[in-house]
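K.L.:
Here our numbering is used: the first residue of the sequence shown is 23, the next is one more, and so on.
Using N, Cα and C, we set each Cβ at its ideal position, and we do this for glycine too.
Note that the coordinates shown come from a computational prediction; the quantities given were computed from them, not determined experimentally.
Structure below; questions to follow.
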Amino acid sequence: MMNLILVSIITIASIIGIFFLERSRLALKFSKNQRLAGAGVLLGICSMLASLNPVTVDGTIVGAAMATPMGAGLLFGGPAGPVAAIIGAIARWFSTPWGTGD
23 MMNLILVSII TIASIIGIFF LERSRLALKF SKNQRLAGAG VLLGICSMLA
73 SLNPVTVDGT IVGAAMATPM GAGLLFGGPA GPVAAIIGAI ARWFSTPWGT
123 GD
C-alpha cells in the first residue's frame, strides 16, 4: 500500500509542477509541442516508477502504471500521452525479465 501512496504522490507532484511550469517565462522559449513532449517524458518516468515498483494490495498486483499516460493524454493532450505511454511500455517490457511483479 505504501508503494501506491508513494507513486501517486510523485505523479501528482509532477503534474502540478508541469502545470505551473507551462505558465512560466521559461516555457515561452519552447514551442507547444516541445513542452508537451517534455511533459510526456516526465510523466513517462513516473510510469516507469509505477512499473518497477508494483503496487500490491492484499496479495493482488494493481496495474497502476497506465494511469499516468492516460492522465498525461487527458490533461496535457497531443504528444504528452503517447510519449508517456511509449516510455511506460518500454519500462514494463524490461521489468518483466527482472522479476518485477512476481
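Mapping the DSSP letters down to three states, classify T1 as helix, strand or coil.
P.N.:
Because residue 1 is not part of the residues shown, which for the chain are 23 to 124, the question remains open.
K.L.:
Using DSSP's beta-bridge definition, name the partner residues of T78.
P.N.:
DSSP output for T78 lists I83 as bridge partner(s).
K.L.:
Quick check: what's the CA-CA separation for L71 versus I31?
P.N.:
Near 12 Å, if we compare the C-alpha coordinates of I31 and L71.
K.L.:
Write down the C-beta distance between S73 and R114 rounded to the nearest angstrom, noting that I regard them as a contact closer than 8 Å.
P.N.:
The Cβ separation is near 5 Å, so the contact holds.
K.L.:
Closest by CA to A102, which one among S69, P119, D80?
P.N.:
Checked all of S69, P119, D80; the closest Cα to A102 is S69.
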